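Numbering (the working numbering), first residue to last: 1 to 418.
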């Protein structure tokens, strides 16, 4: 493939993976003025991200690199076989429950991102540039449109299209993409990225997501402290800058909260903003955190119900009328498919950690940052949400994981595909 053609393919892949455009099997672009939290399990109306098509397109376009994706292919094959064993042995008979089979397909679908990530060779950092332009074009528009609609939280409705799960999953993926952009392009696009850093800070606060705000804050603090250390900036100056940054962040959150509390559009946001920070300001546990503890206990008790459910999971998933998910990928998966099906995922995590440890002395800083972002999505975010089960965030997280595995190959090169 010619370099220009390859770069165009990578640009299309990167843009489509991050851009939150959703299509429906019933026809057309998902464009609902009403805030939809759950599709109700109806496949024909379920909003599906264009990143699914990007994966298929990318795997076909980059098929000549298929040898690079052997680890991903092995993982997916073992993962699928393990889930099949659960479907067969969870019950007394050999009948496979339809809902469980569909759930298994839902868990498998995002893993195509792992294959695509390992197929990519991106010595010129085309994918981070694609991420950067998607963020620069979309995030300011989302903030302005939200303000135009008289809300300080993130809006899902762009008039031409809507973002599905714009509170639950999209913000943390945008911040993860922002981290990838900054670590790869800072030296080449400092002015643009300074502006983007400010905009993403406002975006993180407006997301009303503790995980999103936490990822953004931790990354900005660590990245810029490292930059100042590399430049040998005086420690006093560093403390002053970061002290001012912390004060500014606290003031920004307080200002946003006070404005949101009196804003009629936000006051009825299903607890996404005021419902969280109102309890926090009172010294109480936010409602969503308290609910998660209850969900985890429910699924944990189901997992340990007996030896069969522990090893092979339940015959069928928990009814949607009871709970749609455990708000924890690992508990959610183990409840339905058991510990035997969780082993491939744990094996992939251990394999990745082994590669990082083995190459720890030669890994460039960009790869360390990428490993940190992947660890956050897989080990932290997925313990509070079912990130790896949902198509949009799952494909993106697996894609970054595949890129990381590609970087850890024995013969590295520069760029994302190193």
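Ideal Cβ positions, reconstructed from N, Cα and C, are used throughout, including at glycine. None of these values were measured; they are calculated from a predicted model.
Query - beta strand (DSSP E) runs wholly inside the stretch 111-156, at least 3 long, in chain order - result: The qualifying runs do not exist here; there are none.
Query raised in the report: Apart from the five residues just before and just after residue 264, which ones in its own chain have a Cβ nearer than 8 Å to its Cβ?
Result: The predicted model places residue 264 with a pLDDT of 45, which falls under 50 and marks its position as unreliable; any figure quoted below should be read in that light. Counting only Cβ-Cβ distances below 8 Å, and skipping sequence neighbours, we find 150.
Report task. State yes or no: is the C-beta of residue 403 within less than 8 Å of the C-beta of residue 117? Result -> Cβ distance < 8 Å, so residue 403 and residue 117 count as in contact.
Query raised in the report: So residue 303 and residue 352 are in contact, right, with Cβ under 8 Å, and what is the actual spacing, rounded?
Result: So it is not a contact: roughly 25 Å between Cβ atoms.
Query raised in the report: What span of residues does the alpha helix (DSSP H) with residue 335 cover, start to end?
Result: For residue 335, the enclosing alpha helix (DSSP H) covers residues 329-358.
Requested in this report: Note down, in chain order, each residue of its chain lying with its Cβ closer than 6 Å to the Cβ of residue 126, except the 5 sequence neighbours on either side.
Outcome: Closer than 6 Å at the Cβ level, and outside the excluded window around residue 126, lie 7, 10, 11.
**Report entry** Cβ-heavy atom distance, residue 354 to the ligand FAD, below 7 Å
**Finding:** Only the bare structure without any ligand can be found here, which leaves the ligand FAD out of the picture.
Query - Alpha carbon of residue 25 to alpha carbon of residue 47, nearest angstrom - result: Rounded to whole angstroms, residue 25 and residue 47 show a C-alpha spacing of 8 Å.
Requested in this report: Could you tell me how far apart the beta carbons of residue 172 and residue 215 are, in whole angstroms, since I believe they sit closer than 8 Å?
Outcome: 6 Å between Cβ atoms; contact.
Query - Buried versus exposed call for residue 107 [16 or more other C-beta atoms within 10 Å across all chains shown] - result: Buried, since its Cβ has 16 or more Cβ neighbours within 10 Å.
Query - Within 8 Å, strictly: CB atoms of residue 198 and residue 223 - result: In this structure, residue 223 does not lie closer than 8 Å to residue 198 by Cβ.
Requested in this report: Find the nearest neighbour of residue 44 within the set 22, 51, 62, judged by alpha-carbon distance.
Outcome: Among 22, 51, 62, the Cα nearest to that of residue 44 is on 22.
**Report entry** Cα-Cα separation between residue 298 and residue 227, rounded to whole angstroms
**Finding:** Rounded to whole angstroms, the separation of the alpha carbons of residue 227 and residue 298 is 45 Å.
Requested in this report: Could you tell me whether the Cβ atoms of residue 59 and residue 341 are closer together than 8 Å?
Outcome: With contacts defined as CB atoms closer than 8 Å, residue 59 and residue 341 fail to qualify as a contacting pair.
Query raised in the report: Straight-line CA distance for residue 217 to residue 338?
Result: For the pair residue 217 and residue 338, the Cα-to-Cα distance works out to about 36 Å.
Report task. Tell me where the alpha helix (DSSP H) around residue 11 begins and ends. Result -> Per DSSP, residue 11 is one residue of the alpha helix (DSSP H) stretching across 3-18.
Query raised in the report: So what's residue 393 in DSSP terms, helix, strand or just coil?
Result: It is helical.
Report task. In angstroms with no decimal places, state the Cα-to-Cα distance between residue 380 and residue 373. Result -> A direct Cα-Cα distance of roughly 10 Å separates residue 380 from residue 373.
Query raised in the report: Under a Cβ-count criterion, where at least 16 other Cβ atoms within 10 Å of its own Cβ denotes burial, should residue 389 be classed as buried or exposed?
Result: That one is buried.
Query - residue 102 burial status per 10 Å Cβ neighbour count (16 or more: buried) - result: Exposed, since its Cβ has fewer than 16 Cβ neighbours within 10 Å.
**Report entry** Contact check, residue 300 vs residue 331, beta carbons under 8 Å
**Finding:** The Cβ atoms of residue 300 and residue 331 lie closer than 8 Å to each other.
Query raised in the report: How should residue 165 be labelled, buried or exposed, when 16 other C-beta atoms within 10 angstroms of its C-beta is the threshold for buried?
Result: Residue environment for residue 165: buried (at least 16 other C-beta atoms within 10 angstroms of its C-beta).
Requested in this report: With a cut-off of 8 Å on the beta carbons, I'd call residue 115 and residue 61 a contact; round off their distance for me.
Outcome: Rounded, the Cβ-Cβ distance is 13 Å, inconsistent with contact.
Query - DSSP three-state assignment for residue 213, whether helix, strand or coil - result: Looking at residue 213 - three-state DSSP - the assignment turns out to be helix.
Query raised in the report: Under the rule that 16 or more other beta-carbon atoms within 10 Å means buried, what is residue 306, buried or exposed?
Result: If you draw a 10 Å sphere on the C-beta of residue 306, you find fewer than 16 other C-beta atoms in it, and that means exposed.
Query raised in the report: What separation, rounded to the nearest whole angstrom, lies between the Cα atoms of residue 105 and residue 315?
Result: Taking C-alpha positions only, residue 105 is separated from residue 315 by approximately 16 Å.
Requested in this report: Would you list the residues sitting across from residue 23 in a DSSP beta bridge?
Outcome: Residue 23 pairs with 29, 48.
Report task. Work out the CA separation of residue 382 and residue 1 for me, nearest whole Å. Result -> In a straight line, the C-alpha of residue 1 is about 37 Å away from that of residue 382.
Query raised in the report: Which two residues bound the contiguous alpha helix (DSSP H) that contains residue 164?
Result: First-last for residue 164: undefined, no H or E at that position.
Requested in this report: Compute the distance between the beta-carbons of residue 129 and residue 185, then report whether it is under 8 Å.
Outcome: The criterion of a C-beta distance shorter than 8 Å is satisfied by residue 129 and residue 185.
Query raised in the report: For residue 323, which residues from the same chain have a beta carbon less than 7 Å from its beta carbon, with the 5 sequence-adjacent residues on both sides left out?
Result: Correct list, in chain order: 295, 298.
Query raised in the report: Is residue 175 buried or exposed, if buried means 16 or more other CB atoms sit within 10 Å of its CB?
Result: Counting Cβ neighbours within 10 Å, residue 175 comes out buried, since at least 16 surround it.
Query raised in the report: How would you write the range of the alpha helix (DSSP H) that residue 171 sits in, first residue to last?
Result: In the DSSP assignment, residue 171 falls within the alpha helix (DSSP H) that extends over 170-185.
Query raised in the report: Are the beta-carbon atoms belonging to residue 377 and residue 387 less than 8 Å from one another?
Result: Taking the C-beta atoms as reference points, residue 387 is found nearer than 8 Å to residue 377.
Query raised in the report: Is residue 55 near residue 14, with beta carbons less than 8 Å apart?
Result: Their beta carbons are not under 8 Å apart, which means residue 55 does not touch residue 14 by this criterion.
**Report entry** CA nearest to the CA of residue 5, picked from 318, 17, 309, 121
**Finding:** Residue 5 has its Cα closest to that of 121, out of 318, 17, 309, 121.
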